[in-house]
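Under my numbering, think of the first position of the sequence shown as 2, with each following residue one higher.
Backbone N, C-alpha and C fix where the C-beta goes; we use that ideal spot for every residue, glycine too.
Only a predicted model underlies this, so the values are computations on that prediction, with no experimental measurement involved.
Here is the structure we will look at, set down as structure tokens.
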Amino acid sequence: MKVRWNDEFITDFVSSVTWSGSASQASRTLSFTVANSPYDVSFQKLNIALGDLIYFYDEGKCLFVGVITDMTRTGQIGSLTYTAKDFMHYLLRSTGAYVFKHSKPEAITEKVCRDIQIKTGTLAKTGKNIKSLIIENDSYYNIILKAYAKAAQKHGEAYMPVMDGIRLSVILKGEFSGITLDSVSDLTSSSYSQTTSDMVNRVWIVNNKNKMTGHVKDTDSINRYGIYQSIYKKEKGVNAKKAAKKLLTGITSSASVEAIGNVACVSGYAINIRDNASGLIGRFYIDSDSHKYENGTHTMSLQLAFENKMEEV
């Protein structure tokens, strides 16, 4: 593990590092703690400032490039904790207005990234030509998601924007990471839960005048749990019944594990789990991840989803 501040490696000053991310609002974060002794004249100060560049490496591979956005001091003599966010946060924090006609999601992504001065890397190819996408005032991140959501409706794929160093890429969400975590050699703890809090078992289909034109429902779910209703507004060129059915949601299952760290286990990818004690056996999708480096050890906490769903906007 190494941490670089601008052009200087500061690993020897760092006592702990947390590298984390989520499958939604997908800006990855790096938090690190350094000692602080303002009254000791012999103590070497780093003078890290907001806006400075931070790089994070593990086994020689650069996992993170970002800018310092926050600083927290613990007491006059104690520690300083810095938080850096990758370049995705510029897309999340900045808004724009556009009218796109007959454009592919990847072309829309390239356009908005140029406007916000973010370089692009590998953008998932969709083959989908969007007839019209009108953006009045929305974040650049949401513009990219909305464009790719149009392709997802056609192909049934799930897409996710990620930062690859200083370049924005769009990946197919849910691809297998190649990692299997086993209760014998990898996992230190696990948990599993179910909830009806996200359930939708009836969807009204309405037109642009909010008049109901149809509906879809899960009768067995309604009889068992009662009605949880949502609305789908018809879109031009989209099969309304198919789109409405996608909104039907049953019992939501989730799980979390703590394990020996592996940098391939990051949000947006799938892993295999073998844990007979909790019943977590099979393929799961990483919803959020937090990797901690401290005292020469690397551990991680993962929130897992049972279904691979694209972030909604």
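In three-state terms, what does DSSP make of residue i?
i: Cys266; result: coil
i: Arg203; result: strand
i: Ser222; result: helix
i: Asp13; result: helix
i: Tyr229; result: coil
i: Lys24; result: The sequence as given places Ala at residue 24; Lys does not occur at that position. Three-state DSSP puts Ala24 in coil, outside helix and strand.
i: Asn130; result: coil
i: Ile144; result: helix
i: Ala36; result: strand
i: Gln154; result: helix
Determine whether the beta carbon atoms of residue i and residue j lie at a separation below 8 Å.
i: Ser104; j: Asn37; result: no
i: Lys174; j: Ser133; result: no
i: Thr82; j: Ser32; result: yes
i: Thr214; j: Lys235; result: yes
i: Ser192; j: Ser257; result: yes
i: Val171; j: Ala125; result: yes
i: Lys151; j: Lys129; result: yes
i: Ile55; j: Thr110; result: no
i: Thr181; j: Ile272; result: yes
i: Gly67; j: Ser289; result: no
i: Ser17; j: Glu259; result: no
i: Thr73; j: Thr30; result: no
i: Val217; j: Thr250; result: no
Return the chain-ordered list of same chain residues with a C-beta closer than 7 Å to the C-beta of residue i, the five sequence neighbours on each side being excluded.
i: Asn143; result: Val314
i: Val163; result: Ala27, Ser170, Ile172, Gly269
i: Ser291; result: Thr19, Ser21, Met301, Ser302
i: Asp87; result: Ser28, Arg29, Phe65, Val66, Gly67, Met164
Who are the Cβ neighbours of residue i in its own chain at under 6 Å, not counting the five residues just before and after it?
i: Thr253; result: Thr196, Asp199
i: Thr123; result: Ser170
i: Phe177; result: Ala271
Straight-line CA distance for residue i to residue j?
i: Leu64; j: Trp205; result: 45 Å
i: Lys212; j: Ile232; result: 11 Å
i: Ile136; j: Thr189; result: 46 Å
i: Asp139; j: Leu303; result: 30 Å
i: Ile49; j: Trp6; result: 8 Å
i: Leu169; j: Met89; result: 7 Å
i: Val113; j: Tyr141; result: 7 Å
i: Val15; j: Gly283; result: 37 Å
i: Thr96; j: Lys246; result: 31 Å
i: Thr12; j: Ala153; result: 42 Å
i: His299; j: Leu305; result: 19 Å
i: Thr75; j: Lys46; result: 15 Å
i: Phe57; j: Asp219; result: 48 Å
i: Leu92; j: Thr34; result: 27 Å
i: Asn277; j: Ser255; result: 16 Å
i: Gly166; j: Val100; result: 29 Å
i: Asp183; j: Asn208; result: 50 Å
Apart from the five residues just before and just after residue i, which ones in its own chain have a Cβ nearer than 8 Å to its Cβ?
i: Phe308; result: The amino acid at residue 308 is misidentified as Phe; the sequence shows Glu. Excluding positions up to five away in sequence, the list reads Tyr286.
Starting from the N-terminal side, write out each stretch of the beta strand (DSSP E) that is 3 residues or longer and does not extend beyond the region 85 to 116.
-> Whole beta strand (DSSP E) segments, 3+ residues: 96 to 104.
Beta strand (DSSP E) runs wholly inside the region 235 to 309, at least 3 long, in chain order | Runs of the beta strand (DSSP E) inside the region 235 to 309: 253 to 261, 270 to 276, 281 to 295, 298 to 306.
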